[in-house]
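*Asks:*
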Amino acid sequence: MPYPEISHLDHAGVDLLQQMLSELAMIFMLYGVLAALFSSAIPALARRKASRGTWILTASITVLFISSTMGTVSQMGMHMAEIHGYKYPGSVVVRPSLALRAIFEVSTCVNLFLNDALVVWRAYVIWPNSRLARGLLLACVICSLVAVIFECVRYLNSSLRAAPFYALVVDVTLPATNIVATTLVGIRVWMFRRSISESLKPSSKCSRVGGILMILLESGLAYCAIWVVGAIIQRSSAVSNTIKIICNNSVFLLAAIYPTFLVVVLTVHEQTTTLSAMRSQQSGIRLETLRFASCCQNERQRREDLESESGGSTTGLSGATVASDDSLEVQEVELVQISGPIGKREWSVVQ
């Protein structure tokens, strides 16, 4: 079907079309990454032991994926409406576009809040005995909830939408929540390493817990860095508006990718640590057995030869020899080599 209107686009229209196509390409790429991570995270969580934490993670990443799907579809619908706006201008296009924008905004707010809630929950779990840390985390998650609700209200109210001060509510509150949670995780990592350094024999369980804490810390730092870079891009005058719009409209997918990616990484780390612990246990007490016949048969043959050479003068000795032969019956001896985890080898004979 020909579109003669495309040939009459001016330079600004061509730039806008390129911007929309670039934005769609970025969104589809990020959504593909999210779909791949989600398809890996759900089976991994299903194999874990049923617990409250497993159910929370499964429900959260499922809601994130559904919300991201709605946001991606609404974003695609908005751009299609804008493209066809050159052909059908007027209110017929504007009203569906506003509805799609509302769906997109709700999806973005849901993803941002769930992401912050999961970050706070992970830090909340590792501080079971600190009322100060838990109170601070609860205050942060409440502020995040208020911020995303305010963002939705601001989007629906045109007078609030234009105010630059109100736009800073989400831009400050959500990164602050991630920074506080990541800082508390970092403090816990430092305390854990200090306690391990004082211990003489760090166990495999300690190494597993330390690995999980380091993953939480490093991923939290990376996500905070993404927030900082995004804020710099949005406030910098040297960055083009196209890049700003693409980054701004891709935030909802990044907010969904981060916790889903973390679930996959932690599950892989848990499985790898479990296999490593099993192998270390097997190599720590490794039994290398050698079975061989006793030399009693050779000893008996030697004594019989001596008896035959000495003749009847050694009858008493022969009787003693026969009596001793009864106690030197052929046995199967098992030689067991025990290798310890530090390479020390000991030998033990088991009859």
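1 is the number of the first residue of the sequence shown in UniProt numbering; add one for each residue after it. Backbone N, C-alpha and C define an ideal beta-carbon position, used for all residues, glycine too. A quick note: this is a predicted structure, and the numbers were derived from the prediction, not measured.
Does the beta-carbon of residue 126 have 16 or more other beta-carbons within 10 angstroms, so that it is buried, or is it exposed?
*Replies:* Buried: at least 16 other Cβ atoms inside 10 Å.
*Asks:* Give me, in chain order, the residues of the same chain whose beta-carbon lies closer than 7 Å to that of residue 40; leave out the 5 immediate sequence neighbours on both sides.
*Replies:* Here the set comprises 264.
*Asks:* In terms of residues, what are the limits of the alpha helix (DSSP H) holding residue 144?
*Replies:* Segment 131-156, the alpha helix (DSSP H) holding residue 144.
*Asks:* Could you check where the alpha helix (DSSP H) with residue 243 kicks off and where it finishes?
*Replies:* Its alpha helix (DSSP H) spans residues 241-249.
*Asks:* Can you name, in chain order, every residue of its own chain whose Cβ lies under 8 Å from the Cβ of residue 260, other than the five neighbours on each side?
*Replies:* Here the set comprises 34, 37, 38, 41, 61, 64 and 65.
*Asks:* Is the separation between the beta-carbon of residue 189 and that of residue 217 shorter than 8 Å?
*Replies:* Going by C-beta atoms, residue 189 is nearer than 8 Å to residue 217.
*Asks:* Report yes if the C-beta distance between residue 119 and residue 53 is below 8 Å; otherwise report no.
*Replies:* Not closer than 8 Å, so no.
*Asks:* Taking only runs that begin and end inside the segment 91-127, name each unbroken alpha helix (DSSP H) of 4 or more residues, in chain order.
*Replies:* 91-125, all fully within the segment 91-127.
*Asks:* Whose CA, out of 16, 267 and 146, lies closest to the CA of residue 177?
*Replies:* Cα-wise, what sits closest to residue 177 is 146.
*Asks:* For residue 129, count neighbouring Cβ atoms within 10 angstroms of its own Cβ and tell me buried if that reaches 16, exposed if not.
*Replies:* When all chains shown are included, residue 129 counts as exposed.
*Asks:* According to DSSP, is residue 237 helix, strand or coil?
*Replies:* Coil, per DSSP.
*Asks:* In this structure, does DSSP put residue 50 in helix, strand or coil?
*Replies:* Residue state, collapsed to three classes: coil.
*Asks:* Report, in whole angstroms, the separation of the C-beta atoms of residue 144 and residue 174, which I expect to be a contact under 8 Å.
*Replies:* Rounded, the Cβ-Cβ distance is 6 Å, consistent with contact.
*Asks:* Here's the rule: buried if 16 or more other CB atoms are within 10 angstroms of the residue's CB, otherwise exposed. What is residue 232?
*Replies:* Under this definition residue 232 is an exposed residue.
*Asks:* Skipping 5 residues on each side, what residues in its chain have a beta carbon closer than 6 Å to that of residue 293?
*Replies:* Residue placement at residue 293 is flagged as unreliable, the pLDDT there being 42, under the threshold of 50; the coordinate-derived value follows with that caveat. So the list is empty, once near-sequence residues are dropped.
*Asks:* Count the other CB atoms, across all protein chains shown, that sit within 10 Å of the CB of residue 286; report buried if there are 16 or more and exposed otherwise.
*Replies:* The pLDDT assigned to residue 286 is 41, lower than 50, so where the model puts this residue is not dependable, and the model offers no usable value.
*Asks:* Check whether the segment 67-74 touches the segment 130-140, counting contact only when three or more Cβ pairs, one atom from each stretch, lie closer than 8 Å.
*Replies:* No contact exists between the segment 67-74 and the segment 130-140.
*Asks:* Give the straight-line distance between the Cα atoms of residue 223 and residue 16, rounded to the nearest whole angstrom.
*Replies:* Each residue's Cα considered, the two are about 30 Å apart.
*Asks:* Would you report the Cα separation of residue 170 and residue 209, rounded to the nearest angstrom?
*Replies:* Cα-Cα distance, rounded: 33 Å.
*Asks:* How big is the Cα-Cα spacing for residue 249 and residue 195?
*Replies:* Their backbone Cα atoms lie some 44 Å apart in a straight line.
*Asks:* Applying the criterion that 16 or more other CB atoms from any shown protein chain within 10 Å of the CB defines a buried residue, is residue 104 buried or exposed?
*Replies:* Label assigned to residue 104: buried.
*Asks:* State the Cα-Cα distance for the pair residue 152 and residue 214, rounded to the nearest angstrom.
*Replies:* Each residue's Cα considered, the two are about 35 Å apart.
*Asks:* To the nearest whole angstrom, what separates the beta carbons of residue 246 and residue 26, a pair I think is in contact under 8 Å?
*Replies:* Correct: roughly 5 Å between the Cβ atoms.
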